[in-house]
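Trainee: The numbering of the sequence shown is full-length UniProt numbering, which starts it at 1 and goes up by one. Note that CB positions come from ideal geometry on N, CA and C, so glycine has one too. Fair warning: this is a prediction, and the values are worked out from it, not measured in the lab.
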Amino acid sequence: MRIGLIAGPWIPIPPVTYGGIERVVDSLARGFTAAGHEVLLAAPTESTCPVPLVPGMRPALRDALGSTMSELSHVIRAYEGLGGVDIIHDHTLAGPLYARRPKGIPVVTTIHGPLNAEAVDLYRAMARDTAIIAISRDQSSHAPDVPVTQVIHHGMDVSAVPVGSGRGGYLCFVGRACSDKGLLEAIMIARQAGLPLRIALKMHEPDEIRYFRQEIEPLLGPNEEFVGEVDDATKYRLMGEAVAFLNPIQWSEPFGLVMIEALATGTPVIGTSIGSAPEIVEHGRTGFLGRTETLAGSVEAAAGLDRSRCRASVEQRFSAGRMVAQHLRLFGELLGGRSPSGVPDAAGLHQNR
Numbered sequence: 001m002r003i004g005l006i007a008g009p010w011i012p013i014p015p016v017t018y019g020g021i022e023r024v025v026d027s028l029a030r031g032f033t034a035a036g037h038e039v040l041l042a043a044p045t046e047s048t049c050p051v052p053l054v055p056g057m058r059p060a061l062r063d064a065l066g067s068t069m070s071e072l073s074h075v076i077r078a079y080e081g082l083g084g085v086d087i088i089h090d091h092t093l094a095g096p097l098y099a100r101r102p103k104g105i106p107v108v109t110t111i112h113g114p115l116n117a118e119a120v121d122l123y124r125a126m127a128r129d130t131a132i133i134a135i136s137r138d139q140s141s142h143a144p145d146v147p148v149t150q151v152i153h154h155g156m157d158v159s160a161v162p163v164g165s166g167r168g169g170y171l172c173f174v175g176r177a178c179s180d181k182g183l184l185e186a187i188m189i190a191r192q193a194g195l196p197l198r199i200a201l202k203m204h205e206p207d208e209i210r211y212f213r214q215e216i217e218p219l220l221g222p223n224e225e226f227v228g229e230v231d232d233a234t235k236y237r238l239m240g241e242a243v244a245f246l247n248p249i250q251w252s253e254p255f256g257l258v259m260i261e262a263l264a265t266g267t268p269v270i271g272t273s274i275g276s277a278p279e280i281v282e283h284g285r286t287g288f289l290g291r292t293e294t295l296a297g298s299v300e301a302a303a304g305l306d307r308s309r310c311r312a313s314v315e316q317r318f319s320a321g322r323m324v325a326q327h328l329r330l331f332g333e334l335l336g337g338r339s340p341s342g343v344p345d346a347a348g349l350h351q352n353r
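(1) If I measure Cβ to Cβ from Ala134 and keep anything under 6 angstroms in the same chain, skipping five residues before and after, which residues do I get?
(2) So which of Pro278, Thr272, Val281 and Val314 has the shortest CA-CA distance to Gly297?
(3) Kindly indicate which three-state DSSP category Leu5 falls into: helix, strand or coil?
(4) Using the three-state DSSP reduction, which class does His112 fall into: helix, strand or coil?
(5) What did DSSP end up calling Asp90 once you bin it into helix, strand or coil?
(6) Cα separation between Leu72 and Ala99?
(7) Tell me where the alpha helix (DSSP H) around Phe32 begins and ends.
(8) Please state the DSSP three-state secondary structure of Glu38.
(9) For the beta strand (DSSP E) that Lys235 lies in, which residues bound it at each end?
(10) Along the beta strand (DSSP E) that carries Arg198, what are the first and last residues, could you check?
(11) Tell me, which residues are paired with Gln150 by DSSP?
(12) Can you pull the DSSP bridge partners for Phe226?
(13) Under the DSSP definition of a beta bridge, which residues are partnered with Ser319?
(14) Provide the residue span of the alpha helix (DSSP H) that contains Val243, from first to last.
(15) Check whether the Cβ atoms of Gly155 and Ser47 sit closer than 8 angstroms, and answer yes or no.
(16) Would you mind reading off the limits of the beta strand (DSSP E) that contains Val269?
(17) Between Asp180 and Ile249, what straight-line distance do the alpha-carbon atoms span, to the nearest angstrom?
(18) Would you say the region 79–89 touches the region 2–15, given that touching needs at least three Cβ pairs under 8 angstroms?
(19) Are the CB atoms of Ala242 and Val270 within a distance shorter than 8 angstroms?
(20) Regarding Ser141 and the ligand SAM, is the C-beta to nearest heavy atom distance less than 7 angstroms?
(21) Do three or more CB pairs link the region 198–210 to the region 225–244 at distances below 8 angstroms?
(22) What number of angstroms, rounded off, separates the C-alpha of Lys235 from the C-alpha of Gly66?
(23) What did DSSP end up calling His142 once you bin it into helix, strand or coil?
(24) Quick one: grab the DSSP three-state call for Arg353.
(25) Give the C-beta separation of Ile132 and Val146 to the nearest angstrom, bearing in mind that I take them to be a contact with Cβ-Cβ under 8 angstroms.
(26) Using CA coordinates, which residue listed in Pro222, Asp138, Ala60 and Tyr170 is at the minimum distance from Ala42?
(27) Arg285 to Gly36, Cα distance in whole Å?
(28) How big is the Cα-Cα spacing for Thr109 and Gly332?
(29) Could you give the first and the last residue of the continuous beta strand (DSSP E) run that contains Leu171?
Below, the structure written as structure tokens:
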């Protein structure tokens, strides 16, 4: 197959630091290529993913993260450069609704955000001529009237991720500076458990800076070490030496990629039992899930979990190879099920979730 991939305009592929969606796109591009397919990637010009890039794209627009105008401009350029592929996998929100998509080329999109009321309207409209991938069963359950073609969990390449010893004597938190991610709760859990907390934080947007300055910084004391935003090598060392990884999210996160990253280093996850967490963490085997107020009591038990089992859970359930294979099977079904107009028969492809 000749596969077109569209990433967002804001972060290069792969990202240097923050960028969960961009890591997934990078893994897919590499995996499709390794499986013998041709890949053409529409992404910012600084991208170093080793596949051909769509010409005419712009540099990353990180300062405009989330901007509608920057995404629309990016989408137009992307689709103009993908006219010769067999299938397009679009990871933007606007792209599947673009009226001048190349005719006769099936388009697949992945839902990376929550299915709130506004998003449901968009994805319901997309489903008329676009196959839709959800990234967790929990995500798709919030909008049963959106016709999801398939649920495919994210995956990652663990070959470059070292397994840590877990003997650092601290807990760790890696995330974005916002209340949904549960940093405030992580601080309280670490204090209740009597262990230091090391915090790696993405903090660029005005709302993120405001949240940190107003809600978190005044609370920081000798128990907390703020290490800022880190690259992958530093992140994996931080996770791997931690007693446990704290993920007390306060919203129904569609898929917590950071959880499988922690597990890949051998570190068990302690977090709230909401969103995709129960699909990722095996309670009592690779971590503990529960209500925020009970999580400190799980730290001692988490320290005794088998770290090799944590690593194995990612290798077996969340590998990049598994993710790539599921996508390729879906693409093959879509290309084999063309209607006379050349557009996939979406009605015949939507499957039970």
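Mentor: Working from what's here:
(1) The residue you call residue 134 lines up with position 134 of the sequence shown. Excluding sequence neighbours, Ala134 sits near Ile111, Ser140, Val148 and Val151.
(2) By 1-based counting over the sequence shown, the position of residue 297 is 297. Per the Cα distances, Thr272.
(3) As a working mapping, residue 5 is identified with position 5 in the sequence shown. If DSSP states are grouped into helix, strand and coil, Leu5 belongs with the strands.
(4) To locate residue 112, count along the sequence shown from 1; it is residue 112. Three-state result, His112: coil.
(5) Numbered from its first residue, the sequence shown carries residue 90 at position 90. In the structure shown, Asp90 sits in a strand (DSSP, three-state: E or B).
(6) Reading the sequence shown from its first residue, position 72 is the one you call residue 72. Reading the sequence shown from its first residue, position 99 is the one you call residue 99. Cα-Cα distance, rounded: 12 angstroms.
(7) As a working mapping, residue 32 is identified with position 32 in the sequence shown. Run containing Phe32: Gly20 to Ala34, per the alpha helix (DSSP H) assignment.
(8) Reading the sequence shown from its first residue, position 38 is the one you call residue 38. Looking at Glu38 - three-state DSSP - the assignment turns out to be strand.
(9) The residue given as residue 235 occupies position 235 in the sequence shown. Judged by DSSP secondary structure, Lys235 falls outside any beta strand (DSSP E) and instead within the alpha helix (DSSP H) spanning Asp232 to Gly240.
(10) Here residue 198 refers to the residue found at position 198 when the sequence shown is read from its first residue. Unbroken beta strand (DSSP E) run through Arg198: Leu197 to Lys202.
(11) Against the sequence shown, residue 150 aligns to sequence position 150. According to DSSP, which records beta bridges pairwise, Gln150 is partnered with Ile133.
(12) Indexing the sequence shown from 1 puts residue 226 at position 226. DSSP output for Phe226 lists Ile199 as bridge partner(s).
(13) On the sequence shown, residue 319 is found 319 positions in, with the first residue counted as 1. For Ser319, which the question treats as bridged, DSSP gives the partners Met156.
(14) Here residue 243 refers to the residue found at position 243 when the sequence shown is read from its first residue. It is not in any alpha helix (DSSP H) - Val243 carries neither H nor E in the DSSP assignment.
(15) Within the sequence shown, the letter at position 155 stands for residue 155. Within the sequence shown, the letter at position 47 stands for residue 47. No. Outside cutoff.
(16) In the sequence shown, residue 269 corresponds to position 269, counting from 1. Unbroken beta strand (DSSP E) run through Val269: Val269 to Thr272.
(17) Taking the first residue of the sequence shown as 1, we reach residue 180 at position 180. Taking the first residue of the sequence shown as 1, we reach residue 249 at position 249. Straight-line Cα distance between these residues: approximately 6 angstroms.
(18) Note that the region 79–89 touches the region 2–15; at least 3 beta-carbon pairs, one per stretch, sit closer than 8 angstroms.
(19) Numbered from 1 along the sequence shown, position 270 holds the residue referred to as residue 270. Numbered from 1 along the sequence shown, position 242 holds the residue referred to as residue 242. Reading off the sequence shown, one finds Ile at residue 270, where the question assumed Val. Not a contact, by the Cβ cut-off of 8 angstroms.
(20) The ligand SAM is absent from the structure shown, which contains no ligands of any kind.
(21) yes
(22) Reading the sequence shown from its first residue, position 235 is the one you call residue 235. Reading the sequence shown from its first residue, position 66 is the one you call residue 66. Cα to Cα, the separation comes out at about 25 angstroms.
(23) For the purposes of this step, residue 142 is taken as residue 142 along the sequence shown, with counting starting at 1. Secondary structure at His142: coil, using DSSP grouped into helix, strand and coil.
(24) Stepping through the sequence shown from its first residue, residue 353 is reached at position 353. Note that Arg353 scores a pLDDT of 40, beneath 50, so its modelled location is shaky; the value from the coordinates is reported in the next line. Arg353: coil per DSSP, three-state reduction.
(25) Residue numbering aside, residue 132 sits at position 132 when the sequence shown is read from its first letter. Residue numbering aside, residue 146 sits at position 146 when the sequence shown is read from its first letter. Their Cβ separation, rounded to whole angstroms, is 7 angstroms, which keeps Ile132 and Val146 in contact under 8 angstroms.
(26) Counting from 1 along the sequence shown, the entry for residue 42 is found at position 42. Nearest in C-alpha terms to Ala42, of all of Pro222, Asp138, Ala60 and Tyr170, is Ala60.
(27) Position 285 of the sequence shown, counted from the first residue, corresponds to residue 285. Position 36 of the sequence shown, counted from the first residue, corresponds to residue 36. If I take the Cα positions, the gap works out to 36 angstroms.
(28) As a position in the sequence shown, residue 109 is number 109, starting the count at 1. As a position in the sequence shown, residue 332 is number 332, starting the count at 1. When rounded, the distance between both Cα atoms is 15 angstroms.
(29) Stepping through the sequence shown from its first residue, residue 171 is reached at position 171. Leu171 to Arg176 is the span of the beta strand (DSSP E), which, as asked, contains Leu171.
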